[in-house]
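Enquirer: Going from the sequence shown to this note's numbering is simple: count from 1 and add 14.
Beta carbons are placed, not taken as given, at the ideal position from N, Cα and C, and that holds for glycine.
Here it is, the structure, as structure tokens.
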Amino acid sequence: SRTRAVSFVASLCKHWGIKYKPQLGSASPSQSGSGKSLLKRFNIRSIMIPALPGFIAMAIATSISDFIAMAIVLALSHIPGLEKLNDIFEILLKGLPVLVAVLAAKQISELDEVSIVAGVVAGVLSVEGGLIGGIIGGVMAGIFVRWLFELCLNWRFPMTTVNIVAGGISGLAAGLIMHYLLSPLALSAGNYIKLAIESTLAFSPILAGLLAGLVIWPAILGGVYHAVILPLVLLEMEKSGVSFLGAVDMVGLVMVAAGINLANVIAPREKSEAAVATPGLLINLGFGTFVESAYPFMFANKIVFGSAIFWAGMGGMMLGFFNVKGVAYVPAFASPFLSNNALQMAIVMIATMAMTCLTTIIANRFKPVVQSESTTTAVN
15 SRTRAVSFVA SLCKHWGIKY KPQLGSASPS QSGSGKSLLK RFNIRSIMIP ALPGFIAMAI
75 ATSISDFIAM AIVLALSHIP GLEKLNDIFE ILLKGLPVLV AVLAAKQISE LDEVSIVAGV
135 VAGVLSVEGG LIGGIIGGVM AGIFVRWLFE LCLNWRFPMT TVNIVAGGIS GLAAGLIMHY
195 LLSPLALSAG NYIKLAIEST LAFSPILAGL LAGLVIWPAI LGGVYHAVIL PLVLLEMEKS
255 GVSFLGAVDM VGLVMVAAGI NLANVIAPRE KSEAAVATPG LLINLGFGTF VESAYPFMFA
315 NKIVFGSAIF WAGMGGMMLG FFNVKGVAYV PAFASPFLSN NALQMAIVMI ATMAMTCLTT
375 IIANRFKPVV QSESTTTAVN
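Laid out in structure tokens, this is it:
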């Protein structure tokens, strides 16, 4: 294996007095070690985005539980051995810190199998710290595994021993630190963040929704969405399976982008734009992603750009008014059924998409008129 080859080469170089620094990372040249410092290697976006499928699976399981809870409980609670059916969802919740711990350890160490083992061990012992605990445990495991891997190579340990020490001991050390010292602090930090969000919604849900909707487009355009808003979405989902900011994401980003794309399919400024907007619309509705598809139309027309921010704010305000919480990154047709109120979520989604579409159609019709008037004036 590659790790054994690194061990043999390191031993030979040390024996012959040749300076050798192993290239730790993937065996693929395109995925080799970055050479970046520890702080530069840590990227919350790269941890959260790959972890999304796990959170969505948990949200789907929770929503299914909500829909059929009464029937399941009534039907199965009397069957021996099935009284604790809801424990399944508790297990799913406890698996989320393990997921982010593995991703964090792999990112920090830039190793492959060894870092995954360390991340799993650290994540299992960091479960009590929640999502934040999983990230901290994974980061520590990544630091330890990188340091111990290089240290064991310098001491000429056999490669099997290197993997055991780097993967097992690193994960165990990070996990024990989390379990006995930092997990309560991490859990408290997560609870305070969720409490702050809930307190803001309790103070003025309409104002909170309006502000969240107004800032979500500038946040994603400025590159801070995945570093700030997405972690908050996942922290909310960790507790209840749904998120207010997740609903704002679906309404303020996805449905607004879908409305812009739909308008350019129905009534584009130029026929060629319909071919550009159609794939974006299908992905918006079918997968709940790819809001970037609306960028060309937003940047080409200030009215469309302004209306996107405006209707995102209005959509957020309606979510606050109805006190709707939902899930991001899911198909648009499934989003209402994964929220805490399917009917109201569907109403807000359709209304936001329709108004954005109407405004964009008007903007598309208005701009050619302005251009033709300018041309006529120039000729005269």
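1) Going along the chain, which residues of its own chain have a beta-carbon closer than 8 Å to the beta-carbon of residue 34, five neighbours each way excluded?
2) Could you tell me the boundaries of the alpha helix (DSSP H) in which residue 286 lies?
3) Cα-Cα, which of 225, 135 and 197 is closest to residue 119?
4) When the distance is taken between beta carbons, is residue 157 closer than 7 Å to residue 200?
5) Expressed to the nearest angstrom, what Euclidean distance is found between the alpha-carbon atoms of residue 84 and residue 368?
6) May I ask you to list the residues that DSSP assigns as paired with residue 257?
7) Say whether the segment 257-275 touches the segment 286-306, bearing in mind that this needs 3 or more beta-carbon pairs closer than 8 Å, one atom from each stretch.
8) Between residue 32 and residue 250, what straight-line distance do the alpha-carbon atoms span, to the nearest angstrom?
9) Would you mind working out which of 207, 220, 141 and 229 sits nearest residue 188, comparing C-alpha positions?
10) Around the Cβ of residue 316, are there at least 16 other Cβ atoms within 10 angstroms (buried) or fewer (exposed)?
11) Give, in chain order, every unbroken run of the alpha helix (DSSP H) that is at least 4 residues long and sits entirely within the segment 207-263.
12) Mind checking whether residue 318 and residue 311 have CB atoms under 7 Å apart?
13) Thinking C-beta only, is residue 342 closer than 7 Å to residue 269?
14) Spatial neighbours of residue 145 within its chain, please: CB distance less than 7 Å, with the 5 preceding and 5 following residues excluded, ordered by chain position.
15) Round the Cβ separation of residue 227 and residue 329 to the nearest angstrom and send it over; I've been treating them as touching at under 8 Å.
16) By the DSSP assignment, the alpha helix (DSSP H) with residue 161 in it spans what residues?
17) Indicate whether residue 346 and residue 299 have their beta-carbon atoms separated by less than 7 Å.
18) Tell me the rounded alpha-carbon separation between residue 257 and residue 175.
19) Please classify residue 32: does DSSP put it in a helix, a strand, or coil?
20) According to the neighbour-count rule (16 or more other Cβ atoms, all chains shown, within 10 Å of its Cβ), is residue 284 buried or exposed?
21) What do you get for residue 160, buried or exposed, if any count of 16 or more other CB atoms within 10 angstroms of its CB means buried?
22) Going along the chain, which residues of its own chain have a beta-carbon closer than 6 Å to the beta-carbon of residue 321, five neighbours each way excluded?
Expert: Judging by the given coordinates:
1) 23, 24, 27 and 28
2) 285-301
3) 135
4) no
5) In this prediction, residue 84 has a pLDDT of 36, which is less than 50 and means its spatial position is unreliable; nothing more can be read from the coordinates.
6) 340
7) yes
8) 53 Å
9) 141
10) Exposed: under 16 other Cβ atoms inside 10 Å.
11) 219-235, 244-254 and 258-262
12) A contact, by the Cβ cut-off of 7 Å.
13) no
14) 110, 111, 114, 204, 248, 249 and 252
15) 6 Å
16) 144-168
17) yes
18) Spanning the alpha carbons of residue 257 and residue 175 requires a straight line of approximately 45 Å.
19) In the structure shown, residue 32 sits in coil (DSSP, three-state: anything other than H, G, I, E or B).
20) exposed
21) buried
22) 373
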